[in-house]
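Visitor: Just so we're aligned: the sequence shown equals residues 1309 to 1633 in the numbering used here.
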Amino acid sequence: MRRILLSTIKILISAALLYLSLRKVNLYDLASRIQVRSLGWLVLASAITILQIFLGVLRWREVSAECDAPLQTGQAMRFNMIGTFFNQTLPSSIGGDAVRLWLVARGGAGWRAATYSIFVDRAIGLIALAVVIAAALPWSYRLISDFRGWSALLLLDLAALGAGFGFLLIGVLPWPWLKRWWGTHHIHACAVIANRVLFGREHGLKVTVLSILIHVVTVVIGWCVVRSIAAPVTFGQMFQLLPPVMLITMMPVSIAGWGVREASMGLAFGYAGLIASEGVNVSLLFGAATFLVGILGGLVWILSPEKAAHGSQPIEVPAEVSGAK
């Protein structure tokens, strides 16, 4: 019942935000701008999305090795593609991360190691995104002249940086109770692993470069979408506007970010003095490119040895592991 309720709330939020965003958009005009050349750019955006998933695989492998849940490259790529499918296509509270957790745990790593690997990987991704946004703030200040928009961006990034570096700080604090108390011992263990991955000689440089590159590639995907409809937006503007939108989209309040992404993109374009409806157009096509990759991930799931091995067995994460996440 709780899952049904959460899924219903997410669907309603997505639908409401999409409705409010689409009121600013002329869908007939958008459709008329999509030509053969446009389809080429959208296919390229989807192809680059697959490249981005592969970069995520390389980072996840480094993290998983420190979590005692080692993964082969092909196996991790399969799991990430399957996770993309579940992220994009199912109106549920399971999500792609929980499906990846289930696949890794069932593959022999165990629930704790699988949970740690995915949690730490996500945390590192959040920290990298916050750093990318912070690095672009001087240019964003010149782009976003509206004080409310600039203040919202600054507060958003400070919150993300505070959460990310606060998480890392937990891993170095010398307080024994952090390891023992039920409310913090899992977080502490993950923070220790994250510090080891980010600042250790073996993984640090590689994980840092991959993490930054993943978010740069997101902007490249957005730029391909911009080119597909010849929207009057420069690459630099996309670099300043898209990462904050992706940070907001990470909030698990909608289905695959639909609605939240469109509303945020339209608002960001408006604050930057650009056409708000173009922001919604770009966001819709960005989501469409990702959705196509999700469909491909569905084919990977159908043909995967994991589905063949487990058949119709439900994808469920034990309650104690869910709490640890």
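Note that CB positions come from ideal geometry on N, CA and C, so glycine has one too.
Would you kindly work out how many angstroms separate the C-alpha atoms of G1636 and L1506, rounded to a whole number?
Guide: Residue 1636 lies beyond the stretch modelled for the chain, which goes from 1309 to 1633, so this question has no answer here.
Visitor: Jot down the residue ranges of each uninterrupted alpha helix (DSSP H) in the stretch 1438 to 1463, minimum 4 residues, whole runs only, in chain order.
Guide: The qualifying runs are 1445 to 1451.
Visitor: In the DSSP assignment, find the alpha helix (DSSP H) that holds P1551 and state where it starts and stops.
Guide: Locating residue 1551 in the sequence shown gives position 243, counting from the first residue. Residues F1543 to T1557.
Visitor: Rounded to whole angstroms, what's the CA-CA distance from L1592 to E1570? Just pull it up for me.
Guide: In the sequence shown, residue 1592 corresponds to position 284, counting from 1. In the sequence shown, residue 1570 corresponds to position 262, counting from 1. If you take the alpha carbons of L1592 and E1570, they lie about 7 Å apart.
Visitor: Look at V1541 and V1533 and say whether their C-beta atoms are less than 7 Å apart.
Guide: Translated into positions along the sequence shown, residue 1541 becomes position 233. Translated into positions along the sequence shown, residue 1533 becomes position 225. Contact: no.
Visitor: Got a sec, what are the start and stop residues for the alpha helix (DSSP H) D1405 sits in?
Guide: Translated into the one-based positions of the sequence shown, residue 1405 becomes position 97. Element bounds for D1405: G1403 to V1412.
Visitor: If you compare alpha carbons, which of N1589, A1499 and L1555 is closest to I1537?
Guide: Position 229 of the sequence shown, counting from 1, holds the residue named residue 1537. The option with the nearest alpha carbon to I1537 is N1589.
Visitor: Give the C-beta separation of Q1580 and L1555 to the nearest angstrom, bearing in mind that I take them to be a contact with Cβ-Cβ under 8 Å.
Guide: Working through the sequence shown from its first residue, we reach residue 1580 at position 272. Working through the sequence shown from its first residue, we reach residue 1555 at position 247. A small correction: the amino acid at residue 1580 is Ala; Gln does not occupy that position in the sequence shown. At roughly 16 Å, the Cβ-Cβ gap does not stay under 8 Å, so A1580 and L1555 are not in contact.
Visitor: Helix, strand or coil: which one does DSSP assign to C1375?
Guide: As a first step, residue 1375 must be located in the sequence shown, where it is residue number 67. Coil, per DSSP.
Visitor: Rank L1347, L1363 and M1385 by C-alpha distance to the C-alpha of L1604 and give the top, closest one.
Guide: Position 296 of the sequence shown holds residue 1604. When only C-alpha atoms are compared, the closest one is M1385.
Visitor: Taking the C-alpha atoms as reference points, what is the distance between G1474 and L1437?
Guide: As a working mapping, residue 1474 is identified with position 166 in the sequence shown. As a working mapping, residue 1437 is identified with position 129 in the sequence shown. Each residue's Cα considered, the two are about 15 Å apart.
Visitor: Report buried or exposed for I1522, applying the criterion of at least 16 other Cβ atoms within 10 angstroms of its Cβ.
Guide: By one-based count along the sequence shown, residue 1522 stands at place 214. So I1522 counts as buried.
Visitor: Apart from the five residues just before and just after A1413, which ones in its own chain have a Cβ nearer than 7 Å to its Cβ?
Guide: Taking the sequence shown and counting its residues from 1, one reaches residue 1413 at position 105. Only W1419 and A1422 meet the Cβ criterion.
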